[in-house]
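Visitor: Here it is: the structure, laid out below.
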Amino acid sequence: MTDLSQLLTDDKRADVVAELAAFADATVAKQSGISGTAIKAAVAAARKIDGAIVAKGINRMLPDILGDLQPHWQAFRGDAEQDFGAFLAGREDLVVDSLMAVADRNAEQITVAPLAKAYNALRGKGAKIIGPEIPGFGRILQKHMS
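In full-length UniProt numbering, the protein residues as written are 1 to 146.
Have a look at this one:
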């Protein structure tokens, strides 16, 4: 497959969202320290509002995420690298900035005050959390592109 938007088709999207949601849950679970505790508390509070909030958020942001990553996918396809996760890791700053921009655009639409407050409080930690997870994220997308 040559275009990441193919992951938005009915036969792929649900599986991609489910795997990315599980990946997000695992990423949250391994956070530690004061920031980790705050992130875990924010996710737990969000889940009290809607148990599927992580998957719903990923599903809502997926078109924007894939659109922003498409140039990286095209470059990857023309590169000798076989691992999209490793390829993205080599462009970590660009990828993190792109993912955070998507998150920020979506955060502007949050209508539940406690969720908006939690996002704004933790936003500064986002790049530090997302950066190391870029390889796993890229591998999930590549797996579903096969």
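Glycine residues also receive a C-beta, built at the ideal position from the N, C-alpha and C atoms.
Can you tell me which of the three DSSP states LYS93 falls into?
Guide: Per the sequence presented here, residue 93 reads as Asp, with Lys not at that position. Of the three classes helix, strand and coil, the one that applies to ASP93 here is helix, per DSSP.
Visitor: Answer with buried or exposed for ILE140, where buried requires no fewer than 16 other C-beta atoms within 10 angstroms of its C-beta.
Guide: ILE140 is buried by the Cβ-count criterion.
Visitor: In three-state DSSP terms, what is THR27?
Guide: DSSP places THR27 in helix when its eight states are reduced to three.
Visitor: Leaving out the 5 sequence neighbours to the left and right, which residues in its chain are closer than 8 Å to PRO63 when beta-carbon positions are compared?
Guide: Within the same chain, PRO63 has close Cβ partners SER5 and LEU8.
Visitor: Identify, in the order they occur along the chain, each residue of the same chain with its Cβ nearer than 6 Å to the Cβ of GLY138, setting aside the five sequence neighbours on each side.
Guide: Within the same chain, GLY138 has close Cβ partners PHE84, GLY85 and LEU88.
Visitor: In whole angstroms, what separates the C-alpha of ASP3 from that of GLN70?
Guide: Cα to Cα, the separation comes out at about 7 Å.
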